[in-house]
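Counting in my numbering, the sequence shown runs from 38 upward without gaps. Structure first, commentary second.
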Amino acid sequence: FDTFEKYLEIAAKTGFKSARVFNVLSPNAVAMEKDNYKFADADYIIDKILKYKFDILGVLGSWGIGMFDRMPDYWKSDKKAAGRLGGYLPDIDEYEKYIEKVVSHYRGKIKHYEGWNEPNRFFSPEEFMPYVKVAYKAIKKADPRLLSSESARPLISIMMFLDFSKPCRIKARTNGLTK
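Rendered as structure tokens:
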């Protein structure tokens, strides 16, 4: 009985019903080598969480502090990011492949995803919108059940991040991503 599982047991007994899984699904945890995805560590965490019947919100696409320093070369595009942390934007094709792989791998286990943690730190609203569109398409392709009419709006609202910017949310509506 490990410490992590003890925390899950206490959380479940306290009435918690969901878990936000952050770093364990990030690209630097599962996709550090091109086309070589490693899920063993993430599987361990996800399976423990599911043992306690928690709903999981999987966070996709964040590298955390030092994101641009830890991003492997194959993930870097040739475009500089306008966000306050600087660096190069992630390659959008690699981002799409990564999302498809993760969502396919956890099909039936994770029912909710957040497209990026704190996008306002890394992107301008204009830079972020293509990633939102790609995430939506990749999730829909990997597990169409996740984007039923009941879940599509929460997915997008999470991805838009409340403090990100009004222009970004307006642009999402005009591009048909939300109602």
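Glycine included, C-beta positions come from ideal geometry on N, C-alpha and C. Quantities reported herein were computed from a predicted structural model and do not represent experimental measurements.
Cβ distance (whole Å) where residue i is taken to contact residue j below 8 Å
i: Ser-141; j: Asp-128; result: Not really, about 19 Å apart at Cβ, beyond 8 Å.
i: Val-61; j: Asp-78; result: 6 Å
i: Tyr-132; j: Val-169; result: Contact doesn't hold; Cβ gap of about 11 Å is too wide.
i: Lys-177; j: Ile-83; result: Actually they do not touch by this definition, with Cβ atoms about 21 Å apart.
Residue i, enclosing beta strand (DSSP E) - first and last residue
i: Ser-114; result: 113–117
i: Ser-55; result: 55–58
i: Leu-126; result: 125–127
C-alpha gap between residue i and residue j, whole angstroms
i: Lys-117; j: Tyr-125; result: 4 Å
i: Phe-159; j: Lys-148; result: 26 Å
i: Glu-137; j: Gly-52; result: 32 Å
i: Ala-48; j: Phe-59; result: 17 Å
i: Arg-107; j: Ala-66; result: 11 Å
i: Glu-42; j: Glu-163; result: 41 Å
i: Asn-154; j: Arg-57; result: 11 Å
i: Ser-185; j: Val-139; result: Any answer about Ser-185 is weak, because its pLDDT of 45 lies below 50 and its placement is not dependable; what the coordinates show is given next. About 19 Å.
i: Arg-182; j: Tyr-173; result: 12 Å
i: Asn-157; j: Pro-167; result: 14 Å
i: Pro-109; j: Ala-68; result: 9 Å
Within 8 Å, strictly: CB atoms of residue i and residue j
i: Asp-80; j: Ser-55; result: no
i: Tyr-135; j: Gly-95; result: no
i: Tyr-111; j: Lys-71; result: yes
i: Leu-97; j: Glu-151; result: yes
i: Ser-161; j: Ala-119; result: yes
For residue i, the first and last residue of its enclosing alpha helix (DSSP H)
i: Tyr-150; result: No alpha helix (DSSP H) contains Tyr-150, which is instead part of the beta strand (DSSP E) from 149–151.
i: Glu-42; result: 40–51
i: Tyr-168; result: 162–179
Legend entry - Complete alpha helix (DSSP H) runs within the region 66–110 (minimum length 4 residues, chain order): For the alpha helix (DSSP H) assignment, the uninterrupted runs of no fewer than 4 residues enclosed by the region 66–110 are, from N- to C-terminal side, 77–88, 104–107.
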